[in-house]
Amino acid sequence: MIMVSSCLAGMKVRYNGTDRLDERIRQLVEEKKAVMVCPELLGGFQTPRPPAEIVGGTGEDVLDGRAKVIDHFGNDVTDMYVAGAKAALKTAQEIGAEAAVLKENSPSCGSRAIYNGSFSGEKIAGTGVTTALLRRHGIRVLSEEAFSDEIDDDVHPA
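Given below as structure tokens:
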């Protein structure tokens, strides 16, 4: 069993009320091989909501108290992101997930890249809050791109 970002399974839960449907991920959910989570909704946010970015570091830094998650209006929403990460971890542990496929670039779910905190569209290498927490507990986290690459490698080995 794996855990996946709800937006990748077609749920319209992103900050702007859209999804990022990946048909392979939707199919895994339909086949009951994956469970959907949206850390932001688990943390108490609604859809739509103002965009947010990590300021002063990465998800690791947020967990260690060295960075904050700030929304576009300047509100500190760190506590909600941490609460959502903890709820996602609880779900992962309850279903026995060894892996999660989460939405890249998100301040919650990014696994390789996140926005840099300036709301300029620029990205930096780093993880979101949920990814950082899941990895600290031994759960492998992949972006949707890395997941697709792995599926392609399994289907078409080099």
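The sequence shown lines up with residues 1 to 158 when you count with my numbering.
The C-beta atom is built at its ideal place from N, Cα and C for all residues, glycine as well.
- Under DSSP, R140 forms a beta bridge with A99.
- In this structure, Y81 sits near V129, with a CB-CB distance shorter than 7 Å.
- Residue state for M80 is assigned as helix, using DSSP reduced to three classes.
- For D61, there is no enclosing beta strand (DSSP E); the enclosing alpha helix (DSSP H) has its first and last residue at G59 to L63.
- Here DSSP, grouped into helix, strand and coil, assigns E145 to helix.
- The beta-bridge partner set that DSSP reports for N105 consists of I114.
- Taking the C-beta atoms as reference points, L42 is found no nearer than 7 Å to I25.
- The shortest C-alpha to C-alpha distance from T91 to any of L134, V62 and V29 is the one to L134.
- Going by beta carbons, I54 and G117 fall inside the 7 Å limit.
- In its chain, beyond the 5 residues on either side, Y15, V69, I70, D71, H72, V77, Y81 and P107 have a beta carbon closer than 8 Å to the beta carbon of A52.
- Annotated three-state conformation of K33 is coil, per DSSP.
- Distances from the alpha-carbon of A83 to those of L63, E30, E94 and A100 put L63 closest.
- In the three-state reduction of the DSSP assignment, V129 falls in the helix class, which pools H, G and I.
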